Amino acid sequence: AQKVTQAQTEISVVEKEDVTLDCVYETRDTTYYLFWYKQPPSGELVFLIRRNSFDEQNEISGRYSWNFQKSTSSFNFTITASQVVDSAVYFCALSGPLSGGSYIPTFGRGTSLIVHP
Amino acid sequence: KAGVTQTPRYLIKTRGQQVTLSCSPISGHRSVSWYQQTPGQGLQFLFEYFSETQRNKGNFPGRFSGRQFSNSRSEMNVSTLELGDSALYLCASSLGTAGFNQPQHFGDGTRLSIL
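For the record, the sequence lines run as chains H and P. Take the first sequence: its letter number 62 is residue 454 in the numbering used here, and every next letter is one higher. Take the second sequence: its letter number 28 is residue 31 in the numbering used here, and every next letter is one higher.
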C-alpha cells in the first residue's frame, strides 16, 4: 500500500525566512510519481510540481525548490525568502505506475504554512 | 482557458436528504475525479470518471455515486446524508491519458454542511 507522511502539521515563520516542508513516502512500485500541491484559503488545490521516480535531479523554480531523494524516500519542498502570499496548506501526493500497482493517488495530510509579515 | 468549475460553492442540508454536486472540467480534459476533504481524514479519493465510465473508485459507501456526461461534465450524488458527510468536496480534471500521473487541476470545491 502507498503512504505519504507529512509530519509537520503546521509551520509558522516570519516573512523572508526560508522554510522546508517535509514529505516522506512509502510505495512498493518502482515507477511512481510525486506531486506537490498548494491549497490557499480559497480551497482550490494548485499544482506545483511533478517528479517521476527515475528523475532525482533537484528542481528550482524561482523561490521554490524541491529535493527528491529515493534513498530516504523523501521529496522535500523549500521556499526561500517566504512571503505572506505563501501562506497556504501544502500537500504532497504519490501516484503509481500507469499499469498495475497502486493507481489511486495518495495525499499526505498537508502542512499548513503561516507566514507572518 | 477556463478552470474547473464546481457548483454550488456552499450547500446546507439535513440528515437523510440527498444532494447533487456538479463539476465542469477544463476544456479537453476527459478525466474527472472527486475528493472529500475533512479535518479528520484529510483528502480522500472518491472516484474517477473517464469517457463517461467510472475508472477508479475509492473506499466510500454506495451512498456516494457519480456520473459523467458526454461533454465530460460530472455530477456527484450523495444519498441519505449523514452528519459525517459534512466536508469540502473537490473536483479535479486532467487529460486522463496517463492516469493520475498527470497533474490534476482542481476546482474551488463545494462546502457541504449537514445539520
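Each residue gets a CB set at the ideal place from its N, CA and C atoms; glycine is no exception. Given the structure is predicted, the values throughout are model-derived calculations rather than measurements.
Nearest neighbour of residue i, chosen from the options [CA to CA]
{"i": "GLY454/H", "options": "LYS462/H, ASP478/H, SER445/H", "result": "ASP478/H"}
{"i": "SER487/H", "options": "VAL438/H, LEU440/H, ASP421/H", "result": "ASP421/H"}
{"i": "GLN105/P", "options": "LEU426/H, VAL416/H, GLU407/H, ASP447/H", "result": "LEU426/H"}
{"i": "ALA473/H", "options": "PRO433/H, GLY500/H, HIS508/H, TYR417/H", "result": "HIS508/H"}
{"i": "THR464/H", "options": "VAL411/H, THR419/H, GLN475/H", "result": "THR419/H"}
{"i": "THR503/H", "options": "GLU402/H, ARG442/H, TRP428/H, ASP447/H", "result": "GLU402/H"}
{"i": "LEU437/H", "options": "LEU49/P, LEU118/P, TYR38/P", "result": "TYR38/P"}
{"i": "PHE48/P", "options": "ILE29/P, MET79/P, ARG33/P", "result": "MET79/P"}
{"i": "ARG501/H", "options": "ARG443/H, LYS430/H, SER445/H", "result": "LYS430/H"}
{"i": "LEU86/P", "options": "PRO28/P, ARG12/P, LYS16/P", "result": "LYS16/P"}
{"i": "GLY65/P", "options": "SER30/P, ASP88/P, SER82/P", "result": "SER82/P"}
{"i": "ALA480/H", "options": "SER434/H, GLN398/H, TYR424/H", "result": "SER434/H"}
Residues sharing a beta bridge with residue i, DSSP
{"i": "VAL416/H", "result": "THR397/H, SER466/H"}
{"i": "ALA90/P", "result": "LEU115/P"}
{"i": "GLN39/P", "result": "GLN47/P, TYR92/P"}
{"i": "LEU440/H", "result": "Note: LEU440/H sits in no beta bridge, so no partner."}
{"i": "GLU55/P", "result": "Note: GLU55/P sits in no beta bridge, so no partner."}
{"i": "GLN431/H", "result": "VAL481/H"}
{"i": "GLN21/P", "result": "Answer by DSSP bridge pairing: none, since GLN21/P is not bridged."}
{"i": "TYR424/H", "result": "In the DSSP output, where bridge partners are listed per residue, TYR424/H has none listed."}
{"i": "ILE29/P", "result": "Paired residue(s): none; ILE29/P is not in a bridge."}
{"i": "GLN9/P", "result": "CYS26/P"}
{"i": "GLU80/P", "result": "Just to set this straight, residue 80/P is Asn in the shown sequence, not Glu. According to DSSP, ASN80/P bridges with THR23/P, SER68/P."}
Residue i in three-state terms, based on DSSP
{"i": "VAL476/H", "result": "helix"}
{"i": "ASN74/P", "result": "coil"}
{"i": "PHE67/P", "result": "strand"}
{"i": "ASN62/P", "result": "coil"}
{"i": "ASN459/H", "result": "strand"}
{"i": "PHE499/H", "result": "strand"}
{"i": "PHE446/H", "result": "coil"}
{"i": "GLY492/H", "result": "Below a pLDDT of 50, predicted positions are generally treated as unreliable, and GLY492/H, at 48, falls in that range; no measurement from the model is reported."}
Distance between beta carbons of residue j and residue i, contact taken as under 8 Å
{"i": "LEU413/H", "j": "PHE469/H", "result": "4 Å"}
{"i": "ALA90/P", "j": "GLN40/P", "result": "6 Å"}
{"i": "VAL35/P", "j": "SER77/P", "result": "4 Å"}
{"i": "VAL416/H", "j": "SER457/H", "result": "Incorrect: roughly 18 Å between the Cβ atoms, too far for contact."}
{"i": "GLY2/P", "j": "LEU84/P", "result": "Any answer about residue 2/P is impossible in this case: the structure gives chain P only from 4 up to 118."}
{"i": "GLY6/P", "j": "HIS108/P", "result": "7 Å"}
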